[in-house]
Amino acid sequence: MIGKSATSRKILLLAPLLLFLGLAYVVPFLGVVRWSFTMPEVGLGQYRALFTDPLVQSVFIRTLRICLVVTAAALVAAYAIGYVWVRGSSVQRMLAEFCILVPFWISVLTRAFGWLAMLSNRGLINTWLQSAGIISEPLALARNELGVIIGMTHFLIPFAVFPIASAMRSIDERVLLAARGMGASRTRIFWTVFVPLTSGGLIGAALIVFVFALGFFVTPAILGGGRSVMVAELVYLRIFQSPDWGLGAAISVVLVLFIGILLALMRRFIKPAHLVG
Amino acid sequence: MQSSRPGPVILIVATAVAIFLLMPLIAVVPVSFTPARFLSMPSGTLSLRHYQALIDNPQWGQSILLSLRIGLLSSAIATTLATLFGLGIWMFQPRFSALLIGFVLLPLVVPPVVSAMTLYFLMTALSSFNNWVGYDTWLGVALAHAVMITPFAVVLILVALYQVDRRIDLAARGLGANLTTRALKVIIPNIKFGIATAALLAFVLSWEEIGVTLFITSVNAITLPRLMWMGLRDNIDPAIAAISVLLIIVTAAILGIRIFFERRGASELK
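For the record, the sequence lines run as chains H and A. Just so you know, we're using my numbering here: the first sequence kicks off at 1 and counts up by one. Just so you know, we're using my numbering here: the second sequence kicks off at 278 and counts up by one.
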């Protein structure tokens with residue numbers, strides 16, 4: 001009897017969320033999968049288009065390129081500020097934490113708009129450079145791929161900091177002392193001892209940033225100005241401008257499969273706790 | 278720790294990163310005082326017209342109230358479901374825990390645009406047999422947001438639970454407490470800060486959600502981010518700078534206070 005009631009209580013606790021997500025997320029996703037095979041007509045036509053259409057191909061290649069650049073930039077930036085956050089003096093730590101968490105908690109729209117205010121033709125940078133007489137025509141900083149890369153890197157740095165900082169915190173101080181005791185210089189300790197010990201955090205950060213970058217459409221839509229379309233924005237445009245639900249659905253299915261395989265292969269590097277700081 | 282304080286190179290790079298992180302948030306301030314009707318830096322005169330526009334145009338107030346309502350409801354749903362789920366995982370340690378947790382984190386790792394399509398599908402399906410919860414209704418948006426923010430709440434609550442000492446639960450059990458008593462009197466009081474943080478983050482995430490909202494609303498359920506999006510797309514409305522400044526000030530103040538007290542609390546413990 002005890003065993004039975006424990007089981008029923010276990011189900012009572014676990015089932016609500018599982019049912020909720022099953023009904024409100026998994027089942028409708030299967031509906032999207034069905035769209036990919038049935039819209040506009042039944043068959044594999046949308047998937048064939050996906051692998052042959054030169055426009056879709058160029059979007060895929062651009063997406064991959066942007067994601068790689070953004071991942072690399074975010075990792076370097078996150079490593080530097082993460083280091084100060086973990087190992088700085090207490091004032092440095094407080095400042096670093098503030099600079100990491102404030103953007104993290106502010107909406108993606110506000111941040112993208114902030115970059116427009118910085119980068120657009122009448123924005124901060126162009127206004128300053130023009131009034132200082134350095135340039136006569138405004139530089140094209142937003143509404144292109146550069147703007148997308150800047151905006152996405154900005155969005156993703158905090159997500160890269162969390163796993164990296166966690167790896168840095170778990171380094172055994174004695175290893176660094178030993179290296180120092182054996183006469184290694186600060187630079188040498190950093191590159192040959194410290195950085196390798198954080199490689200797990202770096203890989204985790206790279207995965208999170210890459211996966212998030214892949215599925216992004218709000219920042220590219222605002223900062224790319226329709227000229228630098230990424231794959232997620234292509235889905236959005238196909239649905240709201242062409243209405244081409246089938247292709248949008250097919251791209252979605254391929255994206256989910258790709259990310260699923262990537263995460264399954266690399267799952268030991270992902271710690272869910274790192275996603276929320 | 279002294280041996281590996283950040284050196285000059287790292288400090289310079291980190292300062293550059295810090296400036297990069299804060300720059301766009303600072304840039305909206307001068308833009309919000311521009312006297313012009315388009316996005317520009319003010320030259321000479323400053324104007325409060327865009328702040329005035331926030332008050333004069335009732336759409337802003339309405340969308341703020343709507344976002345508050347949706348945020349509170351979806352955060353309540355998400356936090357409740359996540360707390361129950363977290364308790365189930367922690368107390369029973371079911372055999373496929375990792376798989377179950379992976380499953381509930383799906384909306385977090387699936388690209389937002391795919392989630393948006395999925396929830397659009399759900400909303401149109403719901404709309405076909407009721408008028409309350411579905412496409413372009415506030416309850417529909419709250420439901421969709423709950424789906425998207427629950428994984429974050431689950432993570433925060435599990436993090437809090439893993440810090441609870443299992444022996445206090447064993448002691449309660451040994452003293453004859455039943456499951457409900459253990460959950461309500463022993464475990465939940467120990468994770469109440471985790472639950473509060475989860476509820477707060479869930480609210481904030483709903484408050485600023487745009488990806489999914491864009492797909493499942495058209496004219497009735499215009500949340501604050503949805504209204505901002507409409508003003509951002511073609512002709513950029515500087516009123517967005519004004520509302521952004523207000524949002525940034527509130528967020529920075531809350532976080533600044535939190536960090537300050539956390540640090541002070543930590544140094545007092547030492």
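Glycine included, every Cβ here is placed at the ideal spot set by N, Cα and C.
Run through DSSP, which three-state label would residue i get?
{"i": "H:A132", "result": "coil"}
{"i": "A:P283", "result": "coil"}
{"i": "H:F269", "result": "helix"}
{"i": "A:F373", "result": "coil"}
{"i": "A:I409", "result": "Sequence inspection shows Trp at residue 409 of chain A; the Ile mentioned does not correspond to that position. Coil."}
{"i": "A:S324", "result": "coil"}
{"i": "H:L255", "result": "helix"}
{"i": "H:Q241", "result": "coil"}
{"i": "H:N296", "result": "One cannot answer for residue 296 of chain H here, as it falls past the ends of chain H, which runs 1 to 277."}
{"i": "H:G22", "result": "helix"}
{"i": "A:G533", "result": "helix"}
{"i": "H:A6", "result": "helix"}
{"i": "H:G88", "result": "coil"}
{"i": "H:M94", "result": "helix"}
{"i": "A:T360", "result": "helix"}
{"i": "A:Q336", "result": "helix"}
{"i": "A:T395", "result": "helix"}
{"i": "A:Q440", "result": "coil"}
{"i": "H:E41", "result": "coil"}
Are there 16 or more other CB atoms within 10 angstroms of the CB of residue i, so buried, or fewer, so exposed?
{"i": "H:Q57", "result": "exposed"}
{"i": "H:G183", "result": "exposed"}
{"i": "A:I468", "result": "buried"}
{"i": "H:V42", "result": "exposed"}
{"i": "H:I157", "result": "buried"}
{"i": "H:A178", "result": "exposed"}
{"i": "H:P54", "result": "exposed"}
{"i": "A:K547", "result": "Caution applies to A:K547, whose pLDDT of 41 falls short of 50 and renders its modelled position unreliable; the value that the coordinates give is listed next. With fewer than 16 other Cβ atoms within 10 Å, it is exposed."}
{"i": "H:W128", "result": "exposed"}
{"i": "H:F269", "result": "buried"}
{"i": "A:I296", "result": "exposed"}
Considering only the alpha carbon of each residue, which of the options lies closest to residue i?
{"i": "H:A80", "options": "H:P103, H:Y236, H:F190, H:L257", "result": "H:F190"}
{"i": "A:T292", "options": "H:R111, H:V76, H:L14", "result": "H:V76"}
{"i": "H:L275", "options": "H:A165, H:R65, H:R111, H:A250", "result": "H:A165"}
{"i": "A:A355", "options": "A:V431, A:A449, A:G451, A:N512", "result": "A:V431"}
{"i": "A:Y412", "options": "A:G284, A:I493, A:A295", "result": "A:I493"}
{"i": "H:D172", "options": "H:V231, H:R227, H:T198", "result": "H:T198"}
{"i": "H:V211", "options": "A:V290, A:V387, A:Y397, A:M425", "result": "A:V387"}
{"i": "A:R346", "options": "A:R326, A:H422, A:M318", "result": "A:H422"}
{"i": "H:S170", "options": "H:P196, H:V235, H:Y25, H:L129", "result": "H:P196"}
{"i": "A:L350", "options": "A:W484, A:M368, A:S405", "result": "A:W484"}
{"i": "A:I520", "options": "A:A449, A:G379, A:Q329, A:V441", "result": "A:Q329"}
{"i": "A:A460", "options": "A:F369, A:L343, A:P335, A:Q339", "result": "A:F369"}
{"i": "H:T71", "options": "H:L44, H:L214, H:F60", "result": "H:L214"}
{"i": "A:T395", "options": "H:L21, H:P272, H:P16, H:I11", "result": "H:L21"}
{"i": "A:F362", "options": "H:L13, H:G226, H:V175, H:I261", "result": "H:L13"}
{"i": "A:N408", "options": "A:V290, A:N497, A:V294", "result": "A:N497"}
{"i": "H:H154", "options": "H:C99, H:M168, H:S252", "result": "H:C99"}
{"i": "H:M360", "options": "H:V108, H:L23, H:A167", "result": "Here chain H has residues from 1 to 277 only, and residue 360 of chain H is not among them."}
{"i": "A:L477", "options": "A:L532, A:L523, A:R443", "result": "A:L532"}
Rounded to whole angstroms, what is the Cα-Cα separation between residue i and residue j?
{"i": "H:A78", "j": "A:L438", "result": "28 angstroms"}
{"i": "A:I303", "j": "A:P371", "result": "48 angstroms"}
{"i": "H:P40", "j": "H:G31", "result": "14 angstroms"}
{"i": "H:L207", "j": "H:L263", "result": "8 angstroms"}
{"i": "H:A6", "j": "H:G204", "result": "37 angstroms"}
{"i": "H:R62", "j": "A:A393", "result": "22 angstroms"}
{"i": "A:L299", "j": "A:L316", "result": "19 angstroms"}
{"i": "A:I287", "j": "H:V84", "result": "8 angstroms"}
{"i": "A:I472", "j": "A:V410", "result": "27 angstroms"}
{"i": "H:A132", "j": "A:R326", "result": "28 angstroms"}
{"i": "A:V308", "j": "A:I513", "result": "11 angstroms"}
{"i": "A:P335", "j": "H:V102", "result": "29 angstroms"}
{"i": "H:E97", "j": "H:V161", "result": "10 angstroms"}
{"i": "A:L364", "j": "H:G181", "result": "47 angstroms"}
{"i": "A:S344", "j": "A:L501", "result": "6 angstroms"}
{"i": "A:W506", "j": "H:Y236", "result": "14 angstroms"}
{"i": "A:S320", "j": "H:F240", "result": "38 angstroms"}
{"i": "H:L50", "j": "H:F217", "result": "19 angstroms"}
{"i": "H:F258", "j": "H:S136", "result": "46 angstroms"}
For residue i, would you say it is in contact with chain B, using Cβ-to-Cβ distances shorter than 7 angstroms as the test?
{"i": "A:G338", "result": "In the displayed structure, chain B is absent; the protein chains listed are H and A."}
Taking only beta carbons into account, state which residues of the region 83 to 98 of chain H come closer than 8 angstroms to chain A, listed in chain order.
Y83, V84, R87, G88, S89, S90, Q92, R93, M94, L95, A96, E97, F98
Determine which residues of the region 139 to 167 of chain H have a Cβ less than 7 angstroms from any Cβ of chain A, and write them out in chain order.
H154, I157
The region 475 to 509 of chain A: which residues have C-beta closer than 7 angstroms to a C-beta of chain H, in chain order?
L478, V481, E485, I487, G488, P502, M505, W506, L509
Taking a Cβ distance cut-off of 9 angstroms, strictly less, list which residues of the region 175 to 194 of chain H are near chain A, in chain order.
L176, L177, R180, R186, T187, I189, F190, F194
When Cβ atoms are compared, which residues of the region 379 to 392 of chain A fall closer than 9 angstroms to chain H?
G379, F380, V381, L382, L383, P384, L385, V386, V387, P388, P389, V390, V391, S392
What residues from the region 25 to 54 of chain H come within 7 angstroms of chain A, judged by C-beta to C-beta, listed N to C?
Y25, P28, F29, G31, V32
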